[in-house]
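There are 2 protein chains.
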Amino acid sequence: MDQIFKDLSDAESDKSAGTKSQSRTSLTYSAMREDIISGALEPGLKLKIEDLSKRYNVGSSPIREALSLLTSDALVSRNDQRGFRVVEVSAGEFDELLKTRIWIEQRALEESIAHGDTEWEENVILATYRLSRVARSTSEDSFIANEQWEKLHKQFHMSLLSACGSSILLRFCDQLYDRNTRYRHLSGPSAYPKRTINDEHTALSDAVIARDCEIAVKLLIEHYSATGNLLRKKILKRSVGAVKSN
Amino acid sequence: MDQIFKDLSDAESDKSAGTKSQSRTSLTYSAMREDIISGALEPGLKLKIEDLSKRYNVGSSPIREALSLLTSDALVSRNDQRGFRVVEVSAGEFDELLKTRIWIEQRALEESIAHGDTEWEENVILATYRLSRVARSTSEDSFIANEQWEKLHKQFHMSLLSACGSSILLRFCDQLYDRNTRYRHLSGPSAYPKRTINDEHTALSDAVIARDCEIAVKLLIEHYSATGNLLRKKILKRSVGAVKSN
DNA sequence: TTGCAAATTAAAATCGATATTATTTGACTT
DNA sequence: AAGTCAAATAATATCGATTTTAATTTGCAA
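Protein sequences appear in the order of chains A and B.
FYI, the numbering for the first sequence is 2 to 247, going by this note's numbering.
FYI, the numbering for the second sequence is 2 to 247, going by this note's numbering.
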């Protein structure tokens with residue numbers, strides 16, 4: 002928990018017209034969310050209101066509200082009268098996450114393929130292309146997560162599902178995606194040794210565009226299972242050596 | 002919005018030992034949740050902090066935290082700098098809800114049937130029996146929602162899914178169930194004229210116990226679709242005549 | 001009248017102080 | 001040495017006042 006945090010206190014210096022000023026609660030929520038998913042705030046960490054107030058430079062009310070919101074994202078746990086914590090990670094939860102994600106995304110993908118229109122198709126093509134153009138790591142030898150890749154990767158996966166016809170289902174997928182990303186970040190750098198992820202993405206995209214539901218679903222499941230298997234080992238290693246903080 | 006609300010101010014008069022005192026936030030959250038689902042706080046209503054403070058007899062902080070939590074349940078919407086509202090209802094959202102619920106619960110039911118053990122089976126039997134023993138309405142002629150039935154009905158449906166192996170999926174089902182219940186309450190009394198709901202429940206339960214996945218899923222979908230069709234008409238009628246409050 | 005802008009009012013958001021509850025410490029007993 | 005209890009400390013939860021922002025009204029000019 003020893004890193005530089007953004008100062009939210011002068012967030013409303015919003016010179017750019019049109020941008021309706023966000024509340025401190027919203028800004029703090031986004032910032033904390035980012036910090037939990039990235040691993041900056043590590044699993045199990047006790048989240049003391051006063052500490053957070055100092056770090057994010059806001060009073061206790063926005064902090065508490067942000068924590069309440071994060072609770073529903075399953076990133077923070079609340080325990081009445083004894084505060085908040087970053088939720089723990091475990092191999093068990095990871096497996097459940099993976100399993101559930103596959104169940105839900107399978108259906109979303111099927112519906113998307115069945116109902117997606119031309120615009121959707123083009124969005125998939127675009128998202129696939131954009132993702133293919135950026136590197137996963139900013140460095141060649143050591144792995145340094147590329148912010149841009151993260152963003153495009155999520156956009157790619159969400160684009161596949163976006164025509165499923167249910168914003169409710171999409172919301173679930175979005176949430177599960179982020180929870181999974183957290184595991185990916187926590188598992189440490191260079192999680193995917195030799196696998197040619199880009200090829201997997203392209204193949205998946207092709208099947209989707211060809212409206213080949215069977216293949217697409219098969220590829221999606223394989224894609225998730227493969228990354229999942231790699232991650233699980235790391236998580237296990239991690240959770241054994243984990244230190245319950247403060 | 003002119004009804005009696007519970008006074009939360011002396012909630013900690015918790016004589017019963019063992020019950021760890023809940024926070025005002027939690028209590029307020031539950032109370033407001035109940036009031037939104039029951040329709041006491043109607044769709045679109047502006048939720049002014051001060052009003053709510055008076056009604057629920059707590060300060061602004063617990064109110065705001067409770068509202069933040071309700072936001073993630075999709076029961077309350079927040080609009081930065083201009084407060085909270087009870088989320089609107091619409092035929093469109095209802096359809097999406099129904100559709101999504103069927104997608105998700107189908108999978109949950111399939112998994113549950115595939116993996117459920119003896120204990121699960123017995124829970125289903127029990128839940129079915131208990132539900133069959135209470136009346137939907139407390140009155141014979143006019144429809145007056147029976148609190149007990151509501152509880153047991155939810156327990157019945159959740160019991161069917163409870164062995165699906167994913168607490169994450171169950172959480173989703175739970176949330177969607179509640180959102181649907183809100184529609185049911187809003188659609189007004191005596192929503193189900195002649196249909197013998199109890200028979201439908203029994204048939205569903207039988208199929209589940211017999212591990213007949215195909216039939217069970219078919220019955221579940223029919224069950225939801227039938228009630229859904231009835232509700233949709235009422236919702237349409239309602240949303241036309243709705244008055245944007247305050 | 002109608003349109004616009006300043007002034008007013010109302011509400012949301014935020015802060016910082018207080019009250020409440022949990023946790024730790026340390027003296028004392030067995 | 002281990003356990004128990006009470007005081008001291010630390011943290012949470014809550015309140016009420018203040019600041020900031022949005023919505024409304026009012027007054028003035030075209």
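Just so you know, even glycine gets a beta-carbon here, dropped at the ideal spot from N, CA and C.
Small disclaimer: the values here were computed from a predicted structure and weren't measured.
Unbroken alpha helix (DSSP H) run spanning residue i, endpoints
| i | result |
| --- | --- |
| F1 (chain B) | As shown, chain B starts at 2 and ends at 247. That puts residue 1 (chain B) outside it, with no answer to give. |
| T139 (chain B) | Note, T139 (chain B): premise wrong, no alpha helix (DSSP H); not H, not E. |
| R25 (chain B) | R25 to S39 |
| N199 (chain B) | I198 to I210 |
| S22 (chain B) | Here S22 (chain B) belongs to no alpha helix (DSSP H), and DSSP marks it neither H nor E. |
| S160 (chain B) | E148 to L162 |
8 Å contact criterion, which residue i and residue j should meet: CB distance rounded
| i | j | result |
| --- | --- | --- |
| L232 (chain B) | Y178 (chain B) | About 14 Å separates the two Cβ atoms, so there is no contact after all. |
| S69 (chain B) | S61 (chain B) | Not really, about 12 Å apart at Cβ, beyond 8 Å. |
| T1 (chain A) | S138 (chain A) | With chain A covering only 2 through 247, there is no way to say anything about residue 1 (chain A). |
| R131 (chain A) | L153 (chain A) | 5 Å |
| I50 (chain A) | Y57 (chain A) | Actually they are not in contact, since the Cβ atoms of I50 (chain A) and Y57 (chain A) sit about 11 Å apart, beyond 8 Å. |
| S168 (chain B) | E106 (chain A) | Actually they do not touch by this definition, with Cβ atoms about 18 Å apart. |
| G189 (chain A) | K235 (chain A) | 6 Å |
| D81 (chain A) | S27 (chain B) | 6 Å |
| T129 (chain A) | F157 (chain A) | 6 Å |
| L221 (chain B) | L205 (chain B) | 6 Å |
For residue i, the first and last residue of its enclosing beta strand (DSSP E)
| i | result |
| --- | --- |
| R79 (chain A) | V77 to R79 |
If the cut-off is 8 Å on Cβ atoms, which residues from the segment 28-42 of chain A count as contacting chain B, listed in chain order? Using a CB distance below 8 Å, no part of the segment 28-42 of chain A faces chain B.
Counting pairs of beta carbons, one from the segment 125-132 of chain A and one from the segment 147-165 of chain A, are three or more of them closer than 8 Å? The answer is yes - the segment 147-165 of chain A touches the segment 125-132 of chain A, with three or more Cβ pairs under 8 Å.
Contact between the segment 82-102 of chain A and the segment 167-181 of chain A (3+ Cβ pairs under 8 Å): Three or more Cβ pairs closer than 8 Å define a contact, and the segment 82-102 of chain A meets that threshold against the segment 167-181 of chain A.
If you scan the segment 58-127 of chain B from start to end, which runs of the alpha helix (DSSP H) of 4 or more residues do you find wholly inside it? Runs of the alpha helix (DSSP H) inside the segment 58-127 of chain B: 61-73 and 92-116.
Between the segment 82-93 of chain B and the segment 34-44 of chain B, do three or more beta carbon pairs fall short of 8 Å? At 8 Å Cβ cutoff, the stretches touch.
Residues of the segment 61-88 of chain B with a CB closer than 9 Å to any CB of chain A: list them in chain order, please. For the segment 61-88 of chain B, which is checked against every Cβ of chain A, the residues closer than 9 Å are S61, S62, R65, E66, A67, L68, S69, L70, T72, S73, D74, A75, R79, D81 and Q82.
Below 8 Å between beta carbons is the criterion; list the residues of the segment 93-108 of chain A that meet it against any residue of chain B, in chain order. Those would be E97, L98, K100, T101, W104, I105 and R108, in chain order.
Please list, in chain order, the residues of the segment 167-178 of chain B that have any C-beta partner in chain A closer than 9 Å. Within the segment 167-178 of chain B, the residues whose Cβ lies closer than 9 Å to some Cβ of chain A are S167, S168, I169, L170, R172, F173 and L177, listed in chain order.
What residues in the segment 122-149 of chain A have a beta carbon less than 8 Å from any beta carbon of chain B? For the segment 122-149 of chain A, the set of residues with a beta-carbon nearer than 8 Å to any beta-carbon of chain B is empty.
Just checking, does the segment 109-121 of chain A make contact with the segment 207-219 of chain A on the three C-beta pairs under 8 Å criterion? Verdict: yes, contact present.
Any residues in the segment 201-218 of chain B with a beta carbon nearer than 7 Å to a beta carbon of chain A? Which ones, in chain order? Residues of the segment 201-218 of chain B with a C-beta atom less than 7 Å from some C-beta of chain A do not occur.
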